[in-house]
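Enquirer: Below is the structure I would like to discuss, written out as structure tokens.
There are 2 protein chains.
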Amino acid sequence: MAAAAAARRGRADLEIVALEKGAFTSYSACGIPYLVSGAVEDPEALVARSPQEHRDRSLIDVRTRHEVMAIDLDAHRIDVRDHEHERTYQLGFDLLHIATGAKPIRPPLPGIDSPFVHGVQTLDDGVRLANDAASAALSQVVVVGGGYIGLELAEAFKQRGLKVTVIERDDEVMPSLDPEMGSLVGGAMQDIGIDVMCDCSAAAFEPPASGRGSGEVVLSSGQRLRADLVVLGLGVEPNAGLASDAGVATGVRGGVEVNRRQQTSVDGVYAAGDCCTSFHLVTGEQVYVALGTVANRQGRVAGINLGGGYATFPGVLGTAVARVCSVEIGRTGLTEAEAARAGFEVDTASIESTTRAGYFPGAKPIAVKLVADRNSQRLLGAQIVGRGAGSAKRIDVIAVAITAGMTAAELLDADLGYAPPFGPLWDPVQVAARKLAGANR
Amino acid sequence: MAAAAAARRGRADLEIVALEKGAFTSYSACGIPYLVSGAVEDPEALVARSPQEHRDRSLIDVRTRHEVMAIDLDAHRIDVRDHEHERTYQLGFDLLHIATGAKPIRPPLPGIDSPFVHGVQTLDDGVRLANDAASAALSQVVVVGGGYIGLELAEAFKQRGLKVTVIERDDEVMPSLDPEMGSLVGGAMQDIGIDVMCDCSAAAFEPPASGRGSGEVVLSSGQRLRADLVVLGLGVEPNAGLASDAGVATGVRGGVEVNRRQQTSVDGVYAAGDCCTSFHLVTGEQVYVALGTVANRQGRVAGINLGGGYATFPGVLGTAVARVCSVEIGRTGLTEAEAARAGFEVDTASIESTTRAGYFPGAKPIAVKLVADRNSQRLLGAQIVGRGAGSAKRIDVIAVAITAGMTAAELLDADLGYAPPFGPLWDPVQVAARKLAGANR
């Protein structure tokens with residue numbers, strides 16, 4: 048819908064049809080955990096713009112519950128299934144934009160399709176899960192996967208007063224962080240009262256016997272965990288089958304390949320969001336990053352180009368932030384492990400500081416890790432784990448510094464704001480930069 | 048003390064004597080409002096390192112209650128008054144570092160030296176003010192001057208449950224912001240229950256008759272405000288008399304002139320902090336900026352050079368943040384007015400957004416203003432006023448962007464972090480950047 052709206056701003060005369068399999072448009076998928084926790088009560092609150100608003104304001108012919116079944120690139124035609132009226136029809140196009148998003152990874156394990164195992168991707172999924180979460184019969188939830196979504200959903204169920212266990216295949220939760228930073232997150236989650244089991248994967252799911260009572264998650268170790276409800280947080284993969292079946296080229300992780308203008312391998316066909324790949328700003332390599340910010344920006348770029356304008360997508364750093372109860376997490380650029388895989392030799396600095404001046408009420412510990420190229424000293428990435436407010440979004444400062452090609456010494460020289468409620472005199476980010484710069488001067 | 052400690056790290060063999068008129072070293076002057084409010088109870092909590100710690104850890108011969116009365120640059124000698132033992136002595140030096148700080152501006156108005164009129168600069172001042180603030184006899188406080196210090200102290204007294212009036216000579220509080228942003232701060236302060244009177248200056252102070260009861264502040268308009276206690280928040284000026292009397296060159300606002308290494312006009316004499324001037328990163332001009340971050344950084348640079356190393360101070364953007372009750376304020380670089388004075392023609396963009404996703408509980412309004420050079424589109428400055436947590440420190444993102452010479456379009460392209468507890472999908476900073484970039488594309 049970001050693309051459709053941008054295309055409309057570019058060209059008033061385009062006929063724009065938007066086909067959506069579900070019932071909602073332009074909603075915040077990132078808000079689903081807060082629907083599940085009850086912090087947000089009405090699913091409609093997550094909808095930034097309804098189908099009718101798109102029709103009225105942007106003259107976009109939005110058709111919900113309409114699913115595209117196939118694309119014929121030679122004939123410039125798509126097959127559409129109207130689930131509402133149970134009919135199928137064909138639609139021609141001059142320009143096509145593919146924004147089919149991602150789908151939760153569901154490994155082929157026994158019982159994974161039972162109704163008590165939930166994947167969470169669409170708002171429809173979120174509404175179902177929120178309804179289940181509010182059910183009085185629930186007491187024990189198992190979250191499979193300790194990434195962002197897994198941990199945010201763990202918090203949501205914790206907020207509901209339920210017993211929550213997170214199982215994570217890797218050594219530490221948050222595999223998008225280096226292990227020692229993930230360990231800080233895991234420790235903080237334990238302190239909050241969420242059970243975290245690492246080095247641990249699910250082998251099978253046994254649903255409640257009669258649809259009532261508790262089911263079980265069977266671990267690879269043979270151990271069994273009682274579970275009234277299971278949520279999959281194993282990450283997502285591109286929902287790009289429609290595009291690839293039609294002959295559009297795909298790349299990393301099966302995502303639709305696009306150039307800087309979000310053009311696919313096929314003339315007149317664009318793609319954006321979780322169904323396609325991106326360029327990484329640091330490595331220059333093609334990557335698959337499924338994030339709302341990236342999707343929305345790519346959509347806007349595609350839409351400007353679809354509308355006859357000129358826009359390019361600048362690439363990603365994979366900047367992400369999350370809050371799990373009082374724990375805040377931020378990351379940008381490359382982890383130490385990712386940098387090594389990309390061929391960099393790195394210097395790193397890890398520091399502990401506080402979110403406010405040490406003497407200020409409510410000051411909490413914050414850990415910052417910086418990763419820089421050993422030769423050029425250019426910053427490559429950063430990770431933040433804090434125990435209180437004001438931690439995660441400090442990552443943005445480093446994201447801009449990386450974008451600008453700054454070294455740790457240059458970040459150290461930046462004139463950042465200070466007052467006791469916001470941090471120590473030397474911002475934690477700059478304490479880390481000072482340590483990293485000092486290691487080489 | 049930052050300079051002394053850095054010099055020690057550089058050279059183990061230096062004999063380092065530090066002379067301090069007051070009783071404390073290395074304290075957070077920015078923490079004084081929180082001492083006054085009672086949020087911080089023990090003045091010692093504001094002391095990062097005591098004289099004894101400096102002696103023990105850095106082998107610095109710290110002499111408190113010792114005041115330097117005169118500097119003889121030819122003889123390489125200073126006159127020192129030991130207030131503790133009421134004696135005067137002379138001390139020779141090879142290298143001299145001047146860090147005499149700032150003093151509150153006290154216009155020569157009738158009654159300004161009465162004991163009920165407080166200036167706040169040193170921790171000793173802070174302790175006196177905190178004691179007075181805790182006195183049960185107090186009910187009405189007048190703060191003269193609506194800048195950072197004035198507003199932070201207004202909050203402090205408000206927290207004590209007192210009636211607080213702020214009087215400000217300019218049209219709006221926070222004259223370091225453009226008027227329409229200052230107006231947002233003024234409005235928010237009114238909502239909090241702090242009286243704000245703009246276009247209003249004090250003409251005289253009439254102390255309580257017998258040292259008991261209320262005094263009065265007489266305004267230029269003739270109006271009288273009852274006041275049990277008056278605090279001056281009219282800003283500070285360099286405390287550079289000692290240096291200039293000795294023949295050290297001074298510049299803007301009378302501050303000690305220094306080069307990039309914090310060297311003064313006299314060989315072997317350094318200066319840092321609120322007593323000296325700085326370079327502005329955007330205009331390249333000499334400016335006077337009295338901020339703890341700048342002072343500490345300059346001290347570190349001076350100390351490295353004093354210790355035989357090489358360091359330069361990169362210049363300032365005047366980045367500053369403040370919290371007044373729930374209102375957060377941030378600014379960096381040039382305001383629209385400052386840019387005009389520096390000769391820039393500018394494009395600006397002002398937007399309103401929210402501190403969290405709009406649907407997320409606790410989302411509060413945040414206003415962001417960006418200022419850019421009309422020709423190069425480079426960002427020159429920014430201002431933020433928010434009604435809730437997470438507002439002010441967003442200024443750091445823009446400070447780094449300005450340091451890197453970014454345009455609004457480049458800031459818009461940066462990959463910032465997003466999750467509903469931290470902001471809308473498009474960060475308010477980027478909503479402003481988009482508006483500014485859009486105006487020119």
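As you go down the protein sequences, you meet chains S and L in turn. If you count the first sequence from 1, position 248 lands on 295 in our numbering, and the numbers rise without skipping. If you count the second sequence from 1, position 264 lands on 311 in our numbering, and the numbers rise without skipping. The beta carbon of each residue, even a glycine, is placed where N, CA and C say it ideally should be. Predicted model only: the values in this text are computed from it and were never measured.
By Cβ distance, which residues of its chain are closer than 7 Å to ALA54/S, with the 5 residues on each side in sequence left out?
Expert: LEU61, ILE63, GLY350, LEU353 and GLY354
Enquirer: Would you list, in chain order, the members of the segment 68 to 86 of chain S that have their beta-carbon closer than 7 Å to a beta-carbon of chain L?
Expert: SER75, CYS77, GLY78, TYR81 and ALA86
Enquirer: Between ASP314/L, LEU279/L, SER325/L and VAL316/L, which lies nearest to GLY298/L when the distance is taken from Cα to Cα?
Expert: When ASP314/L, LEU279/L, SER325/L and VAL316/L are compared, the shortest CA-CA separation from GLY298/L is found for SER325/L.
Enquirer: Report the neighbours of ARG370/L on chain C: residues whose CB is nearer than 8 Å to its CB, in chain order.
Expert: In the structure shown, chain C cannot be found, because the protein chains are S and L.
Enquirer: Please classify ILE442/S: is it buried, with 16 or more other beta-carbons within 10 angstroms of its beta-carbon, or exposed?
Expert: Answer is buried; the Cβ neighbour count reaches 16.
Enquirer: Can you find a CB in chain S that lies within less than 9 Å of the CB of ILE442/L?
Expert: Taking Cβ atoms only, chain S reaches closer than 9 Å to ILE442/L, which makes this a yes.
Enquirer: How would you list, in chain order, the residues of chain S whose beta-carbon sits under 9 Å from the beta-carbon of GLY437/L?
Expert: ALA436, GLY437 and LYS440
Enquirer: Have a look at GLY489/L and ALA479/L and give me their C-alpha separation to the nearest angstrom.
Expert: Residue 489/L is absent from the model: chain L starts at 48 and stops at 488.
Enquirer: Tell whether a beta-carbon distance below 9 Å holds between CYS322/S and ALA287/S.
Expert: yes
Enquirer: Taking LYS68/L as part of the beta strand (DSSP E), name the residues at either end of that continuous run.
Expert: Counting along the chain, LYS68/L falls outside any beta strand (DSSP E), and DSSP gives it neither H nor E.
Enquirer: Taking a cut of 7 Å between CB atoms, which residues from the segment 233 to 256 of chain L lie near chain S?
Expert: none
Enquirer: Hey, is VAL64/L's beta-carbon within less than 9 Å of any beta-carbon in chain S?
Expert: no
Enquirer: Please decide whether THR401/L counts as near chain S, where near means a Cβ-Cβ distance under 9 Å.
Expert: no
Enquirer: For LEU463/S, which of VAL83/L, ALA455/L, VAL447/L and GLU332/L has the nearest alpha-carbon?
Expert: VAL447/L
Enquirer: Whose Cβ in chain L lies nearer than 7 Å to the Cβ of ASP275/S?
Expert: Here the premise fails: no neighbours, minimum Cβ distance about 26 Å.
Enquirer: Are GLY380/S and LEU459/S closer than 9 Å when you measure CB to CB?
Expert: no
Enquirer: So that I know if they touch, is there some Cβ in chain L lying closer than 9 Å to that of ALA480/S?
Expert: Output row for ALA480/S: interface = no.
Enquirer: How should GLN345/S be labelled, buried or exposed, when 16 other C-beta atoms within 10 angstroms of its C-beta is the threshold for buried?
Expert: buried
Enquirer: Determine the DSSP secondary structure at ALA201/L, reduced to helix, strand or coil.
Expert: helix
Enquirer: With 16 as the cutoff for other CB atoms within 10 Å, does GLY78/S come out buried or exposed?
Expert: buried
Enquirer: Let's test the definition: count the other Cβ atoms within 10 Å of the Cβ of ILE214/S and tell me whether it reaches 16, buried, or not, exposed.
Expert: Answer is buried; the Cβ neighbour count reaches 16.
Enquirer: Assuming contact is defined by CB atoms lying nearer than 9 Å, are HIS132/L and LYS68/L in contact in what I supplied?
Expert: It is not a contact, given that the beta carbons lie outside the stated cut-off.
Enquirer: Under three-state DSSP, which class holds THR450/L?
Expert: Reduced to three states, the DSSP call for THR450/L is helix.
Enquirer: When you check each C-beta in the segment 418 to 429 of chain S against every C-beta of chain L, which residues fall closer than 8 Å?
Expert: none
Enquirer: Using the C-alpha atoms, what's the distance from GLU227/L back to VAL476/S?
Expert: 31 Å
Enquirer: Sort out for me which residues DSSP pairs THR212/L with in a bridge.
Expert: VAL189/L and ASP242/L
Enquirer: In chain order, which continuous runs of the beta strand (DSSP E) of length 3 or greater are located wholly inside the segment 320 to 407 of chain L?
Expert: 367 to 371, 374 to 380 and 393 to 401
Enquirer: Would you say VAL220/S and LEU200/S are within 9 Å of each other, going by their C-beta atoms?
Expert: no
Enquirer: Compute the distance between the beta-carbons of GLY280/S and TYR335/S, then report whether it is under 9 Å.
Expert: no
Enquirer: Return no unless some Cβ of chain L is closer than 9 Å to the Cβ of TYR335/S.
Expert: It does not: the Cβ of TYR335/S has no partner Cβ on chain L nearer than 9 Å.
Enquirer: Roughly how many angstroms lie between the CA atoms of ALA243/L and SER397/L, to the nearest whole one?
Expert: Note on residue identity: the sequence assigns Val, not Ala, to residue 243/L. In a straight line, the C-alpha of VAL243/L is about 24 Å away from that of SER397/L.
Enquirer: Going by beta carbon distance, what residues of the same chain come within less than 7 Å of ARG56/S, once the five residues before and after it are set aside?
Expert: GLY354
Enquirer: One question on the structure: do GLN237/S and LYS210/S come within less than 9 Å of each other, judged by their Cβ atoms?
Expert: no
Enquirer: If PHE360/S sits next to VAL368/L, beta carbons under 8 Å apart, how far is it from one beta carbon to the other, in whole angstroms?
Expert: Actually they do not touch by this definition, with Cβ atoms about 32 Å apart.
Enquirer: Going by DSSP, which residues form a beta bridge with ILE440/S?
Expert: First, the residue type needs correcting, since residue 440/S is Lys and not Ile in the sequence shown. Per DSSP, none; premise fails for LYS440/S.
Enquirer: Take GLN137/S and list the residues in its own chain whose beta-carbon comes closer than 8 Å to its own, dropping the five residues that flank it on each side.
Expert: ARG124, ILE125, ASP126 and VAL127
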